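Report on the following structure.
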Amino acid sequence: MFDTSKLKSNNVGYNVISQKEPMGVVAEQYRKVRTNIEYSTFNETLKVINLTSTFPSEGKSVTALNLATVYAQSDMKTLIIDMDLRKPKIHRAFDIPNKNGLSDIVTKGIEISDAIYQATEFLHVLPAGEKLPYPAEFLMSKKLKNIVNELKKRYDRIIIDTPPMTAVTDASIVGKIVDGTVMVVASRRTNVDTAQASIKQLKENGGNIIGAILTRVDKKDNKYMNYYYEYKE
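The sequence shown runs 8 to 240 under my numbering.
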């Protein structure tokens with residue numbers, strides 16, 4: 008495992024505000040999201056959660072980063088995995104290289120521990136790794152499922168960032184191997200019909216939709232002020 012805790016994060020504009028201002032209003036909103044996820048089911052623990060959206064630039068990756076951060080701040084051993092194998096981004100937020108990551112565990116046979124970076128005491132990062140010619144086939148593989156099952160033994164919570172639903176089928180595939188899926192929806196930007204179609208597709212493929220997070224909410228919109236958090240990328 009590589010220790011990156013002394014490296015400067017967010018050097019490309021990813022606003023992990025929960026890390027920069029852990030006692031701020033925005034971080035508190037993410038903690039509310041964390042609490043809502045924890046209480047979204049009373050019958051089982053949601054240990055592995057993936058986030059997706061309908062389109063790019065709805066705040067999905069930033070939301071995943073902040074959600075993982077607030078889990079780690081509660082002293083829960085947390086891992087964030089970048090499963091956007093086509094356009095990986097998570098590694099940029101921590102100023103780490105996108106190599107020896109998730110894909111390389113399979114293709115190069117490296118140990119899982121050697122692919123994980125330590126951002127803080129409780130927050131670890133598994134980058135996507137080198138690009139693959141057939142990402143969907145990799146995501147459907149038994150090898151990936153075995154990796155996730157092994158990671159579940161090592162971490163209290165695992166947050167997974169997956170591609171938007173309208174781009175590729177990856178999020179639907181990942182939805183089958185996680186405990187729950189969260190949709191990230193941009194206020195006044197996401198088409199309702201498209202979002203509903205994405206949710207339907209996830210459910211038809213066996214995904215467990217546990218909720219949605221509204222991003223890009225206007226501060227002037229009092230209707231949503233209790234749920235507001237600012238998104239910048």
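From the three backbone atoms N, C-alpha and C, an ideal C-beta is built for every residue, glycine too. What you are looking at is a predicted structure, and each value in this text was computed from that prediction instead of being measured.
- request: List in chain order: all unbroken beta strand (DSSP E) runs of 3+ residues lying wholly within the stretch 75-110.
  value: 85-89
query: Candidates Ile56, Ser64, Ile180: which alpha carbon is nearest phenylalanine 145's?
result: Here residue 145 corresponds to residue number 138 of the sequence shown, with the count starting at 1. Residue Ile180 is the option with its Cα nearest to phenylalanine 145.
query: Based on the DSSP secondary-structure assignment, which residues constitute the bridge partners of valine 192?
result: Start at 1 with the first residue of the sequence shown, and residue 192 comes out as number 185. BP columns for valine 192 point to Leu221.
query: From what residue to what residue does the alpha helix (DSSP H) around serine 205 run?
result: Taking the first residue of the sequence shown as position 1, residue 205 is located at position 198. Serine 205 -> alpha helix (DSSP H) spans 199-211.
- prompt: Rounded to the nearest angstrom, how far is the Cβ of glycine 108 from that of proline 134, given a contact under 8 Å?
  reply: Taking the first residue of the sequence shown as 1, we reach residue 108 at position 101. Taking the first residue of the sequence shown as 1, we reach residue 134 at position 127. Confirmed, Cβ separation roughly 4 Å.
- prompt: Comparing alpha-carbon positions, which option in Ile123, Ala202, Pro171, Gly218 lies nearest glycine 66?
  reply: Position 59 of the sequence shown holds residue 66. The residue with the shortest Cα to Cα distance from glycine 66 is Pro171.
task: Label serine 120 either buried or exposed according to how many other C-beta atoms from any shown protein chain fall within 10 Å of its C-beta, with 16 as the threshold for buried.
output: As a working note, residue 120 is residue 113 in the sequence shown. Looking at its Cβ environment, which holds fewer than 16 other Cβ atoms inside 10 Å, serine 120 is exposed.
- prompt: Just checking my contact of lysine 54 with isoleucine 167 at CB under 8 Å: how many whole Å lie between their CB atoms?
  reply: The residue you call residue 54 lines up with position 47 of the sequence shown. The residue you call residue 167 lines up with position 160 of the sequence shown. Going by Cβ atoms, the distance from lysine 54 to isoleucine 167 rounds to 11 Å, so no, they are not a contact pair.
Where the alpha helix (DSSP H) through threonine 42 begins and ends: In the sequence shown, the residue the question calls residue 42 occupies position 35. From DSSP, the alpha helix (DSSP H) with threonine 42 extends over 32-45.
query: Quick one, are the C-beta atoms of glycine 187 and isoleucine 217 less than 8 Å apart?
result: Walking along the sequence shown from the start, residue 187 turns up at place 180. Walking along the sequence shown from the start, residue 217 turns up at place 210. Against a cut-off of 8 Å, the Cβ pair of isoleucine 217 and glycine 187 comes out as a contact.
- prompt: Ends of the alpha helix (DSSP H) at isoleucine 154?
  reply: What you label residue 154 is simply residue 147 of the sequence shown in a count that begins at 1. That run of the alpha helix (DSSP H) goes 149-161.
- prompt: Can you name the residues that DSSP bridges to tyrosine 141?
  reply: Locating residue 141 in the sequence shown gives position 134, counting from the first residue. According to DSSP, which records beta bridges pairwise, tyrosine 141 is partnered with nothing at all.
task: Rounded to whole angstroms, what's the CA-CA distance from arginine 195 to isoleucine 88? Just pull it up for me.
output: For the purposes of this step, residue 195 is taken as residue 188 along the sequence shown, with counting starting at 1. For the purposes of this step, residue 88 is taken as residue 81 along the sequence shown, with counting starting at 1. Roughly 29 Å between the two C-alpha positions.
query: Residues bridged to valine 55 by DSSP?
result: Position 48 of the sequence shown, counted from the first residue, corresponds to residue 55. Note: valine 55 sits in a beta bridge opposite Ile165.
- prompt: For the putative contact between threonine 169 and leucine 58, defined by C-beta atoms under 8 Å, what is the C-beta separation to the nearest angstrom?
  reply: Against the sequence shown, residue 169 aligns to sequence position 162. Against the sequence shown, residue 58 aligns to sequence position 51. Confirmed, Cβ separation roughly 7 Å.
- request: Kindly give me the distance between the Cβ atoms of asparagine 212 and lysine 183, rounded to whole angstroms, as I take these residues to be in contact under 8 Å.
  value: Indexing the sequence shown from 1 puts residue 212 at position 205. Indexing the sequence shown from 1 puts residue 183 at position 176. About 7 Å; that satisfies the 8 Å criterion.
field: Outcome for valine 32 when other beta-carbon atoms lying within 10 angstroms are tallied against a minimum of 16
entry: Position 25 of the sequence shown, counted from the first residue, corresponds to residue 32. Under this definition valine 32 is an exposed residue.
Leucine 130 to lysine 149 span [Cα, whole Å]: Reading the sequence shown from its first residue, position 123 is the one you call residue 130. Reading the sequence shown from its first residue, position 142 is the one you call residue 149. Looking at the two C-alpha atoms, the distance is approximately 26 Å.
field: valine 132 and phenylalanine 101 closer than 8 Å at C-beta
entry: Position 125 of the sequence shown, counted from the start, is the residue given in the question as residue 132. Position 94 of the sequence shown, counted from the start, is the residue given in the question as residue 101. Result yes, Cβ atoms of valine 132 and phenylalanine 101 sit closer than 8 Å.
- prompt: Is valine 132 helix, strand or coil by DSSP?
  reply: The count along the sequence shown starts at 1 and reaches residue 132 at position 125. In the structure shown, valine 132 sits in a strand (DSSP, three-state: E or B).
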